[in-house]
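Going by my numbering, the sequence shown wraps up at 260, each residue one higher than the last.
Below: one structure, written as structure tokens.
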Amino acid sequence: MTSTKLENVVRVVVYTIITFIATVLLTVETPATGGYFNLGEAAIYTIAFMAQPLIVAIASGLGPALADMVLGYWYFAPATFVIKFSEGFVVAKLIKWLRLKPQSKGVVNIIRIVAVVLAAVLTYVVVALSFGVGVVAIEFSWTPTTVFGISMPIPNLKVFLPPIAWVIIAVLFIVIALTSIFVWGKPYVVSMAVGGLIMVTGYFLYEYFVSNPVILHRESIAAIFEIPVNIGQFVAGIVLAYPLVQFIEKARGSRG
Numbered sequence: 005m006t007s008t009k010l011e012n013v014v015r016v017v018v019y020t021i022i023t024f025i026a027t028v029l030l031t032v033e034t035p036a037t038g039g040y041f042n043l044g045e046a047a048i049y050t051i052a053f054m055a056q057p058l059i060v061a062i063a064s065g066l067g068p069a070l071a072d073m074v075l076g077y078w079y080f081a082p083a084t085f086v087i088k089f090s091e092g093f094v095v096a097k098l099i100k101w102l103r104l105k106p107q108s109k110g111v112v113n114i115i116r117i118v119a120v121v122l123a124a125v126l127t128y129v130v131v132a133l134s135f136g137v138g139v140v141a142i143e144f145s146w147t148p149t150t151v152f153g154i155s156m157p158i159p160n161l162k163v164f165l166p167p168i169a170w171v172i173i174a175v176l177f178i179v180i181a182l183t184s185i186f187v188w189g190k191p192y193v194v195s196m197a198v199g200g201l202i203m204v205t206g207y208f209l210y211e212y213f214v215s216n217p218v219i220l221h222r223e224s225i226a227a228i229f230e231i232p233v234n235i236g237q238f239v240a241g242i243v244l245a246y247p248l249v250q251f252i253e254k255a256r257g258s259r260g
């Protein structure tokens, strides 16, 4: 194995560990779909700036998929690998492309239009969500994990929120999403938003056609309740990752 190939393997392993830890560190249960909110997108968007698209894609798929298995969401693992692989690849590819070419106003405008449409859809979704059921509960545990033969516990905080809380959170995330895309308008934010939309769409389709009706025996339409959660997830990822990306750029001496 050449030094370059070995370096790439090491990068994949390290980035996989990072995305895994980011995913299990904080989880918020979504009772309607059996899914959960997590901070994995922040790690994916950050490493998308640091490595080649294929390396980012593999780590983006493996880390969260392993997290699904460890946390008991095994039924999401196959879809998670495919969805997060695609998300990581697209974000990394767009970032690489946008760093080589001037910012395309056309792309930014398209993303802005999509954001407005999503905001309109979410307005309906969160109102419907407010009529659901839910409880307030917080669970803290240590998830046993083995890395390179070394067993180590990873902290896991699981939060269960009532429907009204999801309404408030979703509305806040809508505001943040529109603000980040309209006010910032940065190429990297656009890239991350595109990847986030892929993630939201992928999970909705999987939950609607596979996990809800086939595996969990729930109503397919319940998949719609995951939309604001996943949008919030990728927006939180942007909010956390963008400052890190700017810091890395400045540390490298490049222009932000």
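Note that beta-carbon positions come from the ideal geometry of N, C-alpha and C, so glycine has one too.
For residue i, which of helix, strand or coil comes out of DSSP?
| i | result |
| --- | --- |
| E262 | This structure cannot settle anything about residue 262, because the visible part of the chain is limited to 5 through 260. |
| Y207 | helix |
| A81 | helix |
| Q237 | helix |
| Q250 | helix |
| A55 | coil |
| T6 | coil |
| G200 | helix |
| G76 | coil |
| V137 | The pLDDT assigned to V137 is 44, lower than 50, so where the model puts this residue is not dependable; a value taken from the coordinates is nonetheless given after this. Correct three-state label for V137: coil. |
Pull the bridge partners of residue i from the DSSP assignment, please.
| i | result |
| --- | --- |
| P148 | P157 |
Would you report the Cα separation of residue i and residue j, rounded to the nearest angstrom?
| i | j | result |
| --- | --- | --- |
| A226 | A255 | 45 Å |
| I87 | P68 | 10 Å |
| K9 | A55 | 14 Å |
| G92 | E253 | 19 Å |
| Y192 | Q250 | 10 Å |
| P57 | S64 | 10 Å |
| I51 | I202 | 17 Å |
| Y49 | A245 | 6 Å |
| L70 | W78 | 9 Å |
| F80 | I62 | 17 Å |
| P82 | S155 | 25 Å |
| T6 | N12 | 10 Å |
| T37 | F208 | 10 Å |
| G3 | G76 | One cannot answer for residue 3 here, as it falls past the ends of the chain, which runs 5 to 260. |
| L29 | T84 | 17 Å |
| N234 | L66 | 19 Å |
Buried or exposed for residue i, please, with buried defined as at least 16 other CB atoms from any protein chain shown within 10 angstroms of its CB.
| i | result |
| --- | --- |
| F41 | buried |
| V18 | exposed |
| G39 | buried |
| V95 | buried |
| S145 | exposed |
| M196 | buried |
| P247 | exposed |
| T31 | buried |
| T205 | exposed |
| V60 | buried |
Nearer than 8 Å: is that true of the beta carbon of residue i relative to any heavy atom of the ligand SAM?
| i | result |
| --- | --- |
| V95 | Here there are no bound small molecules, and the ligand SAM is not part of this structure. |
message: Under 8 Å: do the stretch 210-218 and the stretch 232-251 share three or more Cβ pairs, one atom per stretch?
response: The count of Cβ pairs closer than 8 Å, one atom from the stretch 210-218 and one from the stretch 232-251, stays below three, leaving the stretches out of contact.
message: Using 8 Å as the cut-off, can you tell me whether the stretch 215-225 makes contact with the stretch 16-31, which would need three or more C-beta pairs spanning the two stretches below that distance?
response: Three or more beta-carbon pairs separated by less than 8 Å are not found between the stretch 215-225 and the stretch 16-31, which leaves the two stretches without contact.
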